[in-house]
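Down below is the structure, laid out as structure tokens.
Residue numbers (the numbering used here): 1395 to 1884.
Pasting the structure below:
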């Protein structure tokens, strides 16, 4: 369920707190977009990688070896595959093996020896899918590390007293030669922050946990979907990078008992697509919530800004059916809600997620929810969640007619999924028209009503009250542009 939030901070002459909010939001969003992109690439690539692992005519390795052969030669190779498939179905253990069958078919051809060499090399290569999935795992954790280093740097920038305390602990911060090479005090601060970040990044996940707990009283466990699973992900990344994916004593010592019970030192830890998707969800929720918690902790007066970011994140993941992420975010959101709309929006999204996860106990909670005095959107939510299609469609028609729900809400809102495909919903969508500007979606900007500055939608400075502008509605030569997102670049 989408939700309106307070306006964002001004985009010019930022105060240190406003700059901090923008930096944390940008780091969190960047992390989110990178994880999204990585998982999209993974989902698209896996079928192609699986083809590389298949020993038949569709394998790209065999296609390369066959690319210069005539049609008749290719048919000879195909005949060998057919013979092997036939023997495999008969489960004959006494017949010739695949390579012998192939050689018998092509040994009289001038290209036969070279083809056998290529084929042998192709069959000897390790399976590609495990390698690809291991690389994806490393990339997922690496993206979190980039986010984490940004958050640590943001912490020291907003709390300079912490940097001064760390400098006293270290003794001499800079050599005389280093001081001579610095132009300004700002250079010295940047170098000092960079050193603190580097020192912490060389530490363990436990060290990172201690840093956030000791410096900000933020407990990592509060932001994980499953704390044991999250710790195992970091340990598995370590054995992939440093131990070829094989179980180490460090792994056995640092994971929860359920992950160590069936493995021993030296065993290869298998990774499949389900594990990678689960790891992506764990990291995505943990990284984003940790960012929001840090932002709220160090900029309490800007809680509305981070609430707005969290609502956007939760809704977009609801659209993608990442129900475990949504449930965790909604649980966290209910704890920081600043008003009733906040609380109700998180509650509805949590219910949608629980239903998506197959939780049958949620219906009793929804039935007990009194919506009589609430906005019509919440009554619509209750009807949809309980599967009351007639009542839901009546409310939907009314909200669309009044303008309280628009085109995008109706075609995208996950809450309305039970209605899609019904005759009444189809009749409604046939009457709807695509809003002006959708054909220019890549050229849509958002204007700050206070300053007139233009932003891209993904810019962390965009607030709910910003005005939507198409490119033909602005004067590109005189427009005030956000320096952060540079909307007219390129």
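C-beta: ideal position from N, C-alpha, C; glycine also. Please read all numbers here as calculations on a predicted model, not as lab measurements.
Enclosing alpha helix (DSSP H) for residue 1511 [first to last residue]: In the chain shown, counting from the first residue as 1, residue 1511 sits at position 117. That run of the alpha helix (DSSP H) goes 1506-1518.
Exercise. Leaving out five residues before and five after residue 1389 in sequence, what residues of the same chain have Cβ atoms less than 8 Å from its Cβ?
Worked result: There is no way to answer for residue 1389, as the model of the chain reaches only from 1395 to 1884.
*Where does residue 1555 land, buried or exposed, given buried means 16+ other C-beta within 10 angstroms?*
What you label residue 1555 is simply residue 161 of the chain shown in a count that begins at 1. Its Cβ having fewer than 16 others within 10 Å, residue 1555 is exposed.
Sequence-distant residues of its chain with Cβ nearer than 8 Å to residue 1635 (five each side left out): Stepping through the chain shown from its first residue, residue 1635 is reached at position 241. Here the set comprises 1532.
Looking only at C-alpha atoms, which of 1846, 1861, 1523, 1864 sits nearest to residue 1876? If you number the chain shown from 1, residue 1876 lands on position 482. Of 1846, 1861, 1523, 1864, the residue nearest in Cα terms is 1846.
Requested in this report: With DSSP as the reference, label residue 1838 as helix, strand or coil.
Outcome: Indexing the chain shown from 1 puts residue 1838 at position 444. It is a strand residue.
query: So residue 1636 is in the alpha helix (DSSP H); what residue range does that whole segment cover?
result: Locating residue 1636 in the chain shown gives position 242, where the first residue counts as 1. Element bounds for residue 1636: 1621-1637.
**Asked** Of all the options 1629, 1597, 1660, 1738, which has the alpha carbon lying nearest to the alpha carbon of residue 1649?
**Response** The residue labelled residue 1649 in the question sits at position 255 within the chain shown. Nearest neighbour of residue 1649 by Cα position, chosen from 1629, 1597, 1660, 1738, turns out to be 1629.
Quick check on the DSSP output: what are the complete alpha helix (DSSP H) runs of length 4 or more inside the segment 1685-1760, in order along the chain?
1697-1713, 1717-1730, 1734-1750
Flag this pair as touching only if the segment 1463-1474 and the segment 1496-1503 have three or more C-beta atom pairs under 8 Å; answer yes or no.
-> Contact between the segment 1463-1474 and the segment 1496-1503 is present, because at least three Cβ pairs lie under 8 Å.
When burial is assigned at 16 or more other CB atoms within 10 Å of the CB, is residue 1625 buried or exposed?
-> Here residue 1625 corresponds to residue number 231 of the chain shown, with the count starting at 1. Looking at its Cβ environment, which holds 16 or more other Cβ atoms inside 10 Å, residue 1625 is buried.
### Query
In chain order, what residues of the same chain have a beta carbon less than 6 Å from the beta carbon of residue 1527, not counting five sequence neighbours either side?
Against the chain shown, residue 1527 aligns to sequence position 133. Excluding residues up to 5 positions away in sequence, 1665, 1670 lie with their Cβ nearer than 6 Å to the Cβ of residue 1527 in the same chain.
Checklist entry - Cα-Cα, which of 1707, 1672, 1667 is closest to residue 1686? => result Stepping through the chain shown from its first residue, residue 1686 is reached at position 292. Cα-wise, what sits closest to residue 1686 is 1707.
Span of the beta strand (DSSP E) holding residue 1878?
Looking up residue 1878 in the chain shown gives position 484. Looking at the DSSP string, residue 1878 is not in any beta strand (DSSP E), and its letter there is neither H nor E.
Quiz item: Taking DSSP as the reference, what is the three-state secondary structure of residue 1428?
Solution: Here residue 1428 refers to the residue found at position 34 of the chain shown. DSSP places residue 1428 within a helical segment (H, G or I) once states are collapsed to three.
**Message:** Does the segment 1420-1440 come into contact with the segment 1675-1684, if we say contact requires no fewer than three beta-carbon pairs (one atom in each stretch) closer than 8 Å?
**Reply:** Enough Cβ pairs lie closer than 8 Å, so yes.
query: By how many angstroms is the C-alpha of residue 1415 removed from the C-alpha of residue 1864?
result: Walking along the chain shown from the start, residue 1864 turns up at place 470. Walking along the chain shown from the start, residue 1415 turns up at place 21. Going from the Cα of residue 1864 to the Cα of residue 1415 covers about 27 Å.
Inset, instruction - Consult DSSP for residue 1862 and reduce its assignment to one of helix, strand or coil. - result: As a first step, residue 1862 must be located in the chain shown, where it is residue number 468. The answer is strand: DSSP assigns residue 1862 an E or B state.
- Message: Please classify residue 1789 as buried or exposed, where buried requires at least 16 neighbouring CB atoms within 10 angstroms.
- Response: Taking the chain shown and counting its residues from 1, the one referred to as residue 1789 is at position 395. Classification of residue 1789: buried, given that the 10 Å Cβ count is 16 or more.
Practice item. Return the first residue and the last residue of the beta strand (DSSP E) that residue 1847 is part of. Key: Position 453 of the chain shown holds residue 1847. It spans 1847-1849 - the beta strand (DSSP E) in which residue 1847 sits, taken as one unbroken run.
Next on the checklist: With the cut-off set at 7 Å, would you say residue 1772 and residue 1738 are in Cβ contact?
Outcome noted: Within the chain shown, residue 1772 is the residue found at index 378, counting from 1. Within the chain shown, residue 1738 is the residue found at index 344, counting from 1. Yes, the pair counts as a contact, with Cβ atoms nearer than the cut-off.
Q) Helix, strand or coil for residue 1589 per DSSP? A) For the purposes of this step, residue 1589 is identified with residue 195 of the chain shown, where counting begins at 1. If DSSP states are grouped into helix, strand and coil, residue 1589 belongs with the helices.
Would the beta-carbon of residue 1749 fall within 7 Å of that of residue 1756?
-> Your numbering for residue 1749 matches position 355 in the chain shown. Your numbering for residue 1756 matches position 362 in the chain shown. Yes, they are a contact pair.
*When DSSP builds the beta bridges, which residues end up paired with residue 1640?*
The sequence position of residue 1640 within the chain shown is 246, counting from 1. Its beta-bridge partners are 1662.
**Item:** Classification of residue 1805 by the beta-carbon crowding that lies within 10 angstroms, buried from 16 upward
**Value:** The count along the chain shown starts at 1 and reaches residue 1805 at position 411. By the 10 Å Cβ count, residue 1805 comes out exposed.
| message | Checking 7 Å against the spacing of the C-beta atoms, do residue 1652 and residue 1440 come in under that value? | response | As a first step, residue 1652 must be located in the chain shown, where it is residue number 258. As a first step, residue 1440 must be located in the chain shown, where it is residue number 46. No, these two residues do not count as a Cβ contact at 7 Å.
- [ ] Check residue 1763 in the structure and name its three-state DSSP category.
- [x] Taking the first residue of the chain shown as position 1, residue 1763 is located at position 369. Under the three-state reduction of DSSP output, residue 1763 falls in the coil class, being neither helix nor strand.
Inspect the beta-carbon positions of residue 1587 and residue 1547 and report whether they are closer than 7 Å. If you number the chain shown from 1, residue 1587 lands on position 193. If you number the chain shown from 1, residue 1547 lands on position 153. The Cβ-Cβ distance between residue 1587 and residue 1547 falls below 7 Å.
Please work out which residues of its chain come closer than 7 Å, Cβ to Cβ, to residue 1763, disregarding the five sequence neighbours upstream and downstream, and give them in chain order.
Your numbering for residue 1763 matches position 369 in the chain shown. If the five residues before and after residue 1763 are omitted, its C-beta is found closer than 7 Å to the C-beta atoms of 1776, all from its own chain and listed in chain order.
Opening and closing residue of the alpha helix (DSSP H) in which residue 1811 lies | Numbered from 1 along the chain shown, position 417 holds the residue referred to as residue 1811. It is not in any alpha helix (DSSP H) - residue 1811 carries neither H nor E in the DSSP assignment.
**OP:** Report back the beta-carbon spacing between residue 1783 and residue 1817 to the nearest angstrom; my notes put them in contact at under 8 Å.
**Re:** Taking the chain shown and counting its residues from 1, one reaches residue 1783 at position 389. Taking the chain shown and counting its residues from 1, one reaches residue 1817 at position 423. Contact between residue 1783 and residue 1817 does not hold, since the beta-carbon distance rounds to 10 Å and is not under 8 Å.
Review point. CB residue 1721 to CB residue 1693, shorter than 7 Å?
Key: Position 327 of the chain shown, counted from the start, is the residue given in the question as residue 1721. Position 299 of the chain shown, counted from the start, is the residue given in the question as residue 1693. Result no, Cβ atoms of residue 1721 and residue 1693 do not sit closer than 7 Å.
Please confirm whether residue 1543 and residue 1595 have their CB atoms less than 7 Å apart. Indexing the chain shown from 1 puts residue 1543 at position 149. Indexing the chain shown from 1 puts residue 1595 at position 201. Contact: yes.
Does any residue of chain C have a CB that is nearer than 7 Å to the CB of residue 1770?
Within the model displayed, chain C is absent; a lone protein chain is all it includes.
Taking C-beta to C-beta, are residue 1645 and residue 1633 nearer than 7 Å? Numbered from its first residue, the chain shown carries residue 1645 at position 251. Numbered from its first residue, the chain shown carries residue 1633 at position 239. Taking 7 Å as the cut-off, the beta carbon of residue 1645 is found closer than this to the beta carbon of residue 1633.
So the candidates are 1861, 1535, 1663; which of them puts its Cα closest to the Cα of residue 1429?
Residue mapping note: residue 1429 aligns to position 35 of the chain shown, counting from 1. Nearest C-alpha to residue 1429: 1535.
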